[in-house]
Structure formats: structure tokens, C-alpha cells
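Quick note: the sequence shown uses the working numbering, first residue 334, plus one each step.
Yeah, the Cβ is synthetic: ideal placement off N, Cα and C, and Gly gets one too.
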Amino acid sequence: MRHSFTADTAQRFATIALGHVKREYPNKPANVFSGPDDARTPSDLHPIFHGSLDWHSCVHGYWMMAHILRKFPEIPAAKNIRALFDEMLAPEKVAGECAYQAKPTSRGFERPYGWGWLLKLSAELSLLDDRRWSGNLKPLSDVFVQRFADFLPIATYPIRVGTHFNTAFAMRLAADYADTLNDTALGTLLKNTAMRWYGKDEDCPAWGEPSGDDFLSSALTEAECMRRLMPDEDFRPWFDRFLPEIMAQRPATLFSPASVSDRSDGKIAHLDGLNLSRAWCWRSLAKALPGSDPRRSIMERAAEEHLASALPHVEGDYMGEHWLASFATLALEA
């Protein structure tokens, strides 16, 4: 049975996020201290995104709630989401987040994972009927657009790992911002960089997948990035070369959900996210192929198997609960 994103699921996921985006502790900071004055509490450093264990998880918790508010504006949690956004996505709090980013030591803060998620959040907010929150966040969005503009031209090589440093994932999220906000300069930069980094890749072995703390598939995330940034007529021949043995379900590792041995271990719990992000990629990639393509059913079945493995574990232990619902939303909405 195909998994879908229903109002009941949205209510459940929103309730999870509302319970952690303002939960300041435990907290895993990503700050560079330049002196004793930088020893401040998370909420003092980050007036908005101080919950959810870490900055980036808090950002994509907000993204998920914005998406839920757009898709299911009448569910019970919608009222609480609006109240949260009124309180937290306020100009003075955005100014505080911008002040942190203005410090010289913040140049590499959350690069590139948090950058992509912040722009993904901004794009989602811009699609809501109430445009105040999108307008309020714009100064911070502008900071991260500039971060991409400064970084991508000097990044000689992509980063292909299955964790936060993966460049394809960040560019895939940023592409949604570029299209939604009609930022042609950013969109062109993303497309040119993707072609420079990944355009000649072929016969991907997916070696090393999964490693012990992956939450992204290096192979499938790259393919999804290229699907998003290339025209269909160019993407399909590239995809044929990149993963040429899908009919034989090779590389085999991409078709088998990862096993998660201990969900109280934050790194091992990443593997539930790997299963969800693979499902997101397989679903998106399958839809890019013609309906008559026999690979579609194989890819869709792989997606459903990965979803079935991970969805029961979106909540239960805080090491996964503070972020997994966002990845489940990506997969269910692909």
C-alpha cells in the first residue's frame, strides 16, 4: 500500500514539532567562540532557532510546520502553528539571528545543510496566504543566498558524504527557493555548479552506503539534485548513465532499508533518516520517468519498503524525534 501524507499524519507531526522547536535543552551548539563573551545560552545566540537539539533541526521543524499549515490549514494544530510563527518569526528575533551570522566566525556556520534548509523554509513561508512571516524572514534568507553565492564558485569539489556536509542535498533544497522566489542568479549558479560537479558522473557504485551515521544516500541525493536542476530531456540520459542497472536492482544496497540497532544513539538513529531520505529520492526520481518505464515500479517499491521501515520510528526517542518527522514529510509529499 502506498503511504500518503494525510491530515491525521500532519496533525501528529505538527504536535511533535510544536513540542521541540522551543525546547532549548538538551542542545548541541555549533558555535565558534572568539572570546568569553560568546559563552551564551542557545536562545540568546539564536532567538528563533534554539530548539530541537540543534539549529538546523529547528529550522526544518519550522519548514515542516509551514508546509503543514499550507496543506492542512484547518487541522487543530494550525492555530498553534500560527501563534508560534507570530511569536518567533518576528522582525526583532530575525535581527538577532542575522547578528549572529554577521560575526566573522560564522562564515562556515551550518554549511551547507543549514543553508539549504533555511532557504527551503523561506520558500515555504512565501507560499502561505499570510506573507508577514516570509517578509520578516527575508533579511536572514538574503544572508544565506549570499553564502551560496560566495561559497559555490570557490568550492572546487563537491562533498559526497551521507551527512550534513553533502553539497547535493543543500543545492537541491536551495533550488526550491530559487524557483519559488524567482531568484534567477541563484538558480543559474546552482545549475552550473551541479553540472560542473556531477555532470560527467556515471555508473555510480554507491560504495560505502550505508555508513554508520548516514541520513542521506550520496548516490540518490546526487540524482535527485540533478533531477531538480536539469531539464527532463537532459536528466533522463544522465540518469541512465548514472544508475544503469536499476532493472537488476543494483547497486543492491540502495534497494535495502538500513538496519537501526539503537535509536537512543543519535548517530545510529540517523539511519532511520537515511531510509526516509532514500524513499523521498526514489519517489521523486520514479516520477521523472515516463509512465511506461519498467524501472518506475521497482523504484516505487523500494520507496515503500524504506518508508515502511522508518515511519514507525518517527517518534519515541528524542534523538530521532527532534528531526525525523521533517524527513518523513519530504518522503510522503514527494
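Of the listed residues the options, nearest to residue i (C-alpha basis)
i	options	result
glutamate 666	Lys600, Ile401, Arg480 and Met421	Ile401
leucine 454	Lys471, Phe484 and His655	Lys471
serine 594	Phe572, Ala552 and Ala643	Ala643
alanine 456	Ile408, Asp516 and Leu417	Asp516
leucine 485	Gly449, Ser467 and Val494	Gly449
valine 365	Asp534, Met398, Phe575 and Tyr433	Tyr433
aspartate 509	Pro627, Leu523 and Leu378	Leu523
phenylalanine 498	Phe548, Ala602, Leu587 and Leu452	Phe548
glycine 545	Phe572, Leu607, Ile487 and Pro584	Leu607
phenylalanine 568	Phe588, Leu587, Asp534 and Pro590	Asp534
alanine 399	Ala428, Lys355, Ala343 and Tyr358	Ala343
aspartate 341	Gly541, Ala372 and Glu407	Glu407
lysine 355	Asp371, Leu622, Leu422 and Pro369	Leu422
Sub-8 Å separation of residue i and residue j beta-carbons
i	j	result
threonine 521	serine 459	no
arginine 561	arginine 505	yes
tryptophan 656	serine 385	yes
proline 543	leucine 604	yes
methionine 559	glycine 599	no
leucine 461	arginine 403	yes
glutamate 555	histidine 336	no
alanine 527	leucine 519	no
lysine 426	proline 380	yes
phenylalanine 346	alanine 661	yes
alanine 664	valine 647	no
leucine 553	tryptophan 466	no
arginine 451	leucine 473	Note on identity: in this sequence residue 451 is leucine, with arginine being the wrong assignment. Yes, the pair counts as a contact, with Cβ atoms nearer than the cut-off.
aspartate 650	alanine 602	yes
serine 551	valine 494	yes
alanine 411	threonine 348	no
As assigned by DSSP and simplified to three states, the class of residue i
i	result
alanine 347	helix
serine 467	helix
alanine 591	coil
valine 476	helix
glutamate 648	coil
glycine 352	coil
leucine 553	helix
aspartate 567	helix
isoleucine 601	coil
glutamate 578	coil
leucine 640	helix
phenylalanine 660	helix
glycine 368	coil
phenylalanine 338	coil
The ligand MN heavy atom lying under 7 Å from the CB of residue i
i	result
valine 494	No copy of the ligand MN occurs in the structure displayed, which carries no ligand at all.
> Going along the chain, which unbroken runs of the alpha helix (DSSP H) with 4 or more residues stay wholly within the stretch 375-459?
Replying inline: 375-378, 388-404, 410-421, 424-434 and 446-459
>> Quick check for students: name the residue ranges of the alpha helix (DSSP H) that lie wholly in the stretch 479-545, counting only runs of 4 or more.
In response: If we require 4 residues or more, the alpha helix (DSSP H) runs fully inside the stretch 479-545 come out as 500-513 and 517-531.
> Counting Cβ pairs closer than 8 Å, one from the stretch 436-447 and one from the stretch 496-504, do we hit at least three?
Replying inline: yes
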